[in-house]
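One structure below.
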Amino acid sequence: MTVNKLLVVALLLAAALPAQIQTGRIVGTVYDPNKAVVPNAAVVITNTATNQAQSVTTNGAGDFVLTPVNPGVYRVEVTAKGFGTAQVNSVEVVVGQSARVDVDLRIGDTSTRIEVVAATAMLNTESGTLGQEVTNKQIVDLPLNGRSFYELARLTPGATLLPGTGNLLRIRANYESGTSISGVRGTQTSFYLDGVDTTDHHQGGTLIQTSIDALQEFQIQQSEYSAEFRNAGGVLNGTTKSGTNSFHGVLFEFLRNDKLDSRNFFALQRDVLKRNQFGGGIGGPLSIPKLYNGKNRTFFFLNYEGMRQRAGQVFNNLVPSPAEKSGDFSAAGLNTIYDPTNAAPFPGNRIPTSRLSSQAQFFAKYLSDPNSGNRAIFAPSQVLDQDQFTVRVDQTITNNHRAFVRYSFINYQENDPNAFPALGYASLNTRGHNFVAALNSNLKPTLINEARFSYLPNSIDLTAFLQGTNFYTQAGVPGFEDTGHRPGDAGSFPDFGWSGYASLSGSTFDQRPKTQDLKVWEYSDNLTWIKGKHILKFGAQVRHWVPLFTDSGVYEGQWNFNGSITQNPAKPAGTGDAFADFMLGIPTSVGRNFPADWFGGLANYWHFYAQDDFKVSSRLTLNIGLRYEYSPWLDGYKGQVGAILPNSPKPILVQAINLDAQFAAPTANALFGHLTQTCSQAGIAANCTATDKTQFAPRFGFAWRPLDDKTVIRGGYGIFYEVESSGNRVNHNMVPYTLSETVFNDGLRTMATFFQGRPIGGATTAPSLTGGYPNMPMGYDQHWSFGLQRQLPGASVLEVNYVGNRGVNLYEGNPINDPLAGPGSIQARRPYPIFGGITYNGQDNSTIYHALQAKFEKRVSGGLWYLVSYTWSKSINLGNTPSVGGDYAYERAISSFDIPQNLTASAGYELPVGKGKKLLASGNRFANGVLGGWQLQGIVVLRSGRPFTPTISRDVANTGIGGQRPIRLGSGQLSNPTISQWFDKTAFAVPAAYTWGNSGADILREDRFKNLDLSLFKQFRINERCQVQFRAEAFNLTNSPSFSAPGSNIDTAAGGVVTSTISTPRNIQFGLKLNF
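Counting in the numbering used here, the sequence shown runs from 57 upward without gaps.
Structure representation (structure tokens):
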């Protein structure tokens, strides 16, 4: 279906996003002096910033609902015949929440006015949804490393941001920190901005960001949210600012410099760092002098933020010594190496110069020599440049029709250094745009409609290290250049991996040449009908998703050396060295493939829902919803999707056999066309996966006040379908669209001869495959929760919940063609010996999560606020890659993102010093200017360490598969672990030849994470409308190192040794903001 046709259908259906995605509502009941309800009372709410008003009349039960209501502060005015006018001031509406305002009228006429200030809303009395609202003050005041508001997700119980997974300033959240909410995989977290879904369904995360100074509010919905929302992993929901009747703005600059920072724990000196973040924003009424006055009607807001950073990155790698690079392995502690031609030890443990590979010597010169013991430690500078821009215009067309449009843009340029300086830099460039238009219409006082359109294109380009050089020609490795290159790619540096040492790679951080081009159109509409005690909402959403990619894979080759060449043939421990294998130029295996030209596809997602918020009584509200999702698998670009039928005579299934789609297609089809058929020929869906048409997702929640207005018992249950990434749905890695193979050494072939007479596809008759089940079901999660909220003195509230979820039919790549352990030919021991490795993308994973989640929150009073969140949880899954002979029973283990205990505390305090405060209240103007008005804001995070899996470095099972596990003899835990011995390697043993170990997955844990971020700032008043804020911020104030997982190999010197941190060293930042 074309985009134009989709637009027509969407407009006809009014396909939907919910009213409360980027708005809230005001609800309440009007009473007379005897606490009897007052029907037909007129209720008018007015936004105090824009003077925009909305009105409604109470029903027969005295209840009223105003929705949708933009976030902000409102005045509520209630009038009724025979009663005086009641006015409630300072009613705050936040994203996705209902503000309850119950009004008591007094006898009199409407000219009699009684004004009260609304009490701070502390309890959620209207739904069973669990989550956390973050106010604008918290957004702009809290110390946020990188000024990314998604870091605020960690403030809520059940949410874990896993640091150390990438750069916090990257656009996509998966490039930032993994965000797991209530035990669900981070790829299932949804991101919304102004009611628009900005989730990247290819890699997870978000496709667009905006400056925190452009954000009005932020909300985290973690569990039991309504049928309006999809995705099982929670919702991170932001709303941008709009203009008001007065001009307001900000100019800011934040500076960092390494002179004030601390040294990384493992670095020899402080990392170089120079960062500037700068920009500003302005909003107000949009007017044209003498032509148009936009006050009360038209408002604008625009914001720009730029960032320029030059930062050192610490690389701490175990590397061979200069002696080893010359063939000398006689140093103490090194294994005995054997001559593979006669099975005798090399004399003196030295490889004769005449036996050294000239090809190995060529590539070894790119390895750095050790500069600290046996390690090479460097901190080259990384270059980051980012610009982002947002403009928004809001228009009151009539009192019943309001609209807004927004455009956001972000450009991100990064140059990343390699771990080895001789390999230089690779670059990443990302651009994102987002255009949004929305129209809210009050069709009747009880019938409200929202229509919304969004267009979101995003592109990313990556280059390789030393791209443009054919290293094989220079090194004298004939034959490999026959692999072919994608047009425009003249080669790049290969990958070399050797057990026990840091890899020498031209693809660090996935920096092979590749391009991604994503385009998303979204059309939506939402209808709210207020009927008696029911707030009924109906909606649907059409999402047109077009992901296209190129990917070079390992087209320059992945050379593997595991020590088996120089090992004693009997395979005893203490013999063989992987780098010695390399210096002889004899690899164990080499992986290679054709680079991939454009692949991808398109899909149209159709989602519908109905929701009823039913107020059974003044104390009980039920939330009942049903969602239906029609999420077809993508149609492949030029037919490039596939599936696998392992036991079929033609097991390779593709949507179409198109020999023009990829460079590999003619060669691959000539070799393996007899094993290939189209999905239609196999009698299944044309795009190889039938669409699941049974995706009904019921939702239920309740909020009950059994005793008084200070206690609420809440709970709920829901089913949430997972949306798999397009990377899983569109797989070009299938014959005939790619040709990928791992070529094992059939003797003692060296690098100089390895590919002679071996054109790609000719070295083996067993291609590697990656594909899915022909009719893969959609995975889903069941969520449930039960708990209570209790309002306490001092504007505080305590909330305790039990939260659980169970994941069913979740995506997992299952290697179904791993060989059995044993001697002799690896290929002959595979279940399907006509193929190499087969990754069968199926729904074989399952998860279970149980948690006690608690939070204690105090809203601002007396200059103090705080939020303390604690989670005690356990997450188990069946989904780690099998490495015990394909026996999945060994793979039920703690989830890789399991964090048993997680404590996060955030707080803000206005120091009681200066005019009007407890201290120096009568001080002179100078003392007040210097000492008064200071504020402290901070975030503390304390959590358990993540799990990791002990492994062995050698292929003792003789399967060609790395990451094999040892035999477990004890717990492996140490009471006092150190960075030089984090776990007890003596609790594990290398299995006997041709056997598997019995050690499980994720049985040990890395260091606990601990971090304190603090900001100190003060406002200096210039005049009534202009203030300057000076702020100082410290990230990891205590400079406490939190260590990454150690080397996992139990049979190498690097095993058990910690070489990096998941925390950054202390960084100091200064900022200056002009608010007007």
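All C-beta atoms in this analysis are idealised placements derived from N, C-alpha and C, irrespective of residue type, glycine included.
In this text, all values refer to a predicted model and were calculated from it rather than measured experimentally.
Determine the contact status of residue i and residue j, defining contact as a CB-CB distance below 7 Å.
i, j, result
"Phe418", "Asn372", "no"
"Thr185", "Arg156", "no"
"Asn320", "Asp327", "yes"
"Val779", "Cys744", "no"
"Gln718", "Asp653", "yes"
"Trp928", "Gln957", "yes"
"Ile1009", "Thr960", "Per the sequence shown, residue 1009 should be read as Ser rather than Ile. Taking 7 Å as the Cβ cut-off, Ser1009 and Thr960 do not qualify as a contacting pair."
"Phe521", "Gly562", "yes"
"Asn192", "Gln265", "no"
"Leu998", "Lys911", "no"
"Gly294", "Phe274", "yes"
"Ala720", "Thr794", "yes"
"Ile306", "Asn1079", "The sequence given here places Val at residue 306; Ile does not occur at that position. No."
"Gly641", "Ser410", "no"
Do you know how far the Cα of residue j is from the Cα of residue i?
i, j, result
"Asn230", "Ala459", "Confidence is the limiting factor: at Asn230 the pLDDT is only 34, short of 50, which leaves the residue's position unreliable, though a coordinate-based value still follows. Straight-line Cα distance between these residues: approximately 33 Å."
"His541", "Ala634", "With a pLDDT of 48 at His541, under the threshold of 50, the modelled position of that residue is not reliable, and no figure is offered here."
"Val914", "Gln194", "Val is not the amino acid found at residue 914; the sequence shown has Lys there. Approximately 13 Å between the Cα atoms of the pair."
"Gly1028", "Phe1004", "12 Å"
"Arg886", "Tyr1050", "14 Å"
"Leu1134", "Leu208", "Here the chain comprises residues numbered 57 to 1132, so residue 1134 is not present and cannot be evaluated."
"Gly138", "Asp158", "18 Å"
"Ser238", "Ser931", "9 Å"
"Ser318", "Ala367", "13 Å"
"Leu225", "Gly739", "The predicted position of Leu225 is uncertain, since its pLDDT is 32 and thus under 50; no value can be drawn from it."
"Ala724", "Phe605", "20 Å"
"Leu342", "Trp840", "47 Å"
"Val190", "Trp990", "22 Å"
"Thr262", "Asp954", "23 Å"
"Gly299", "Gly553", "56 Å"
"Leu854", "Ile769", "12 Å"
"Asn467", "Val439", "14 Å"
Smallest Cα separation from residue i: which of the options?
i, options, result
"Phe536", "Thr806, Asp653, Pro473, Ser279", "Thr806"
"Arg131", "Lys137, Asn107, Phe139", "Asn107"
"Leu1128", "Val144, Gly336, Arg162, Asp317", "Gly336"
"Thr622", "Pro643, Pro89, Ala712", "Pro643"
"Arg508", "Asp581, Phe552, Phe605", "Asp581"
"Lys593", "Pro792, Phe664, Ala626, Phe758", "Phe664"
"Asn430", "Tyr360, Ala1109, Trp840, Arg411", "Ala1109"
"Ala1057", "Asn933, Phe1132, Pro89, Glu868", "Asn933"
"Trp601", "Leu512, Ser382, Leu658", "Leu658"
"Gly803", "His258, Thr392, Pro396", "Pro396"
"Asn1123", "Asp1107, Gly1018, Gln614, Leu1093", "Leu1093"
Within 6 Å: the Cβ of residue i and any heavy atom of the ligand GTP?
i, result
"Gln711", "The model depicted lacks the ligand GTP and carries no ligand whatsoever."
List the residues that DSSP assigns as beta-bridge partners of residue i.
i, result
"Thr235", "Leu217"
"Pro593", "Correcting the residue type first, residue 593 is Lys in the shown sequence and not Pro. Note: Lys593 sits in a beta bridge opposite Thr584, Gln667."
"Asn293", "Tyr248, Gln275"
"His257", "DSSP lists no partner for His257."
"Lys330", "Asn313, Arg366"
"Arg131", "Thr102"
Measuring CB atoms only, is the stretch 669 to 684 touching the stretch 281 to 297, in the sense that at least three cross pairs come out at less than 8 Å?
Three or more beta-carbon pairs drawn from the stretch 669 to 684 and the stretch 281 to 297 are found closer than 8 Å, and the two stretches are therefore classed as touching.
When the Cβ atoms of the stretch 1109 to 1119 are set against those of the stretch 1088 to 1099, are three or more pairs found closer than 8 Å?
Look at the beta carbons and you see the stretch 1109 to 1119 touching the stretch 1088 to 1099: at least three pairs across the two are nearer than 8 Å.
Please determine if the stretch 115 to 122 and the stretch 138 to 148 are in contact, where contact requires at least 3 C-beta pairs separated by less than 8 Å.
Too few Cβ pairs lie closer than 8 Å, so no.
Would you be able to state if there are at least three C-beta pairs under 8 Å between the stretch 158 to 172 and the stretch 955 to 972?
Contact between the stretch 955 to 972 and the stretch 158 to 172 is absent, with fewer than three C-beta pairs closer than 8 Å.
Contact between the stretch 434 to 447 and the stretch 364 to 382 is defined here as three or more beta-carbon pairs at a separation below 8 Å; is this criterion met?
Taking 8 Å as the limit for Cβ pairs, the verdict is that the stretch 364 to 382 does touch the stretch 434 to 447.
Using 8 Å as the Cβ pair cut-off and three pairs as the minimum, do the stretch 1039 to 1047 and the stretch 1012 to 1031 touch?
Touching, yes, given that three or more Cβ pairs across the two stretches are closer than 8 Å.
Indicate whether the contact test is met: 3 or more Cβ pairs, each with one atom in the stretch 251 to 263 and one in the stretch 488 to 497, closer than 8 Å.
With a cut-off of 8 Å, the stretch 488 to 497 and the stretch 251 to 263 count as touching, because enough Cβ pairs lie within range.
Count the CB pairs spanning the stretch 887 to 907 and the stretch 824 to 838 that are closer than 8 Å, and state whether there are at least three.
Put simply, the stretch 887 to 907 touches the stretch 824 to 838. At least three CB pairs are less than 8 Å apart.
For the stretch 470 to 478 against the stretch 499 to 513, are there 3 or more C-beta pairs whose distance is under 8 Å?
Per the Cβ contact rule, the stretch 470 to 478 is not in contact with the stretch 499 to 513 (fewer than 3 Cβ pairs under 8 Å).
So does the stretch 352 to 362 actually touch the stretch 441 to 454, counting three or more Cβ pairs closer than 8 Å?
Yes: at least three Cβ pairs fall under 8 Å.
Is it true that the stretch 830 to 848 meets the stretch 860 to 874, where meeting means three or more beta-carbon pairs spaced less than 8 Å apart?
Counting C-beta pairs with one atom in each stretch, the stretch 830 to 848 and the stretch 860 to 874 have three or more that are closer than 8 Å, which means they touch.
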